[in-house]
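Residues -30 to -1, 1 to 141 (mature numbering (1 follows the signal peptide of the UniProt record, and there is no 0)) make up the sequence shown, in order.
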Amino acid sequence: MAIPAAQSPMKLMALQLLLWHSALWTVQEATPLGPASSLPQSFLLKCLEQVRKIQGDGAALQEKLVSETGCLSQLHSSLFLYQGLLQALEGISPELGPTLDTLQLDIADFATTIWQQMEDLGMAPALQPTQGAMPAFTSAFQRRAGGVLVASHLQRFLELAYRVLRHLAQS
């Protein structure tokens, strides 16, 4: 099965977050030096200076990674991808139909809001993206299993989108 192009940036962002999280985890497990450390003062001052420089470089990198243009474009592309995946789930079951319809409308509204903001800022592409090939669920089991996977990934994406939008709001 071919992977839609819009998933590649999502995987890159997920990998970046995973690497970031693993780096933080390692730092949290590091044991601090005892209070009677005999390290030279010049060494400690040099290390502090390097930490400040790295913090500045990291903040600059974060600003570039979380630029408004890139974030909004990726949010819109991902929402557009999820619209297609949710459409592929149509007919999953009669009792889930109304919930699926509501979710599709909410995702479409969110994507439209993002697109309108991109247009207002003058950073929307000339054409809206077109939907690539979506999976074809041929059995009830495939639709149900696909529904679980799509809902799970959508939830994680929305949690990430919330954090990114909150970061942009604080900038």
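Note that CB positions come from ideal geometry on N, CA and C, so glycine has one too.
The model shown is predicted, which means the values in this text are computed figures rather than measured ones.
Self-check item: Phe80, enclosing alpha helix (DSSP H) - first and last residue
Solution: 67 to 90
Quiz item: How should Gln(-3) be labelled, buried or exposed, when 16 other C-beta atoms within 10 angstroms of its C-beta is the threshold for buried?
Solution: Here the model assigns Gln(-3) a pLDDT of 49, short of 50, so the residue's position is not dependable, and the following value carries that caveat. Gln(-3) should be labelled exposed.
Self-check item: Separation of His123 from Leu15, as counted between CA atoms
Solution: 45 Å
Quiz prompt | Three-state class that DSSP yields for Ile62 in the structure shown | solution = coil
Quiz item: Excluding the five sequence neighbours on either side, which residues of its own chain have a C-beta within less than 6 Å of the C-beta of Leu49, listed in chain order?
Solution: Ile77, Phe80, Ala81
Quiz item: Should the region 58 to 70 be regarded as contacting the region 123 to 136, the criterion being three or more beta carbon pairs within less than 8 Å?
Solution: no
Practice problem: Give the DSSP-derived three-state secondary structure of Gly102 in the structure shown. | Solution: coil
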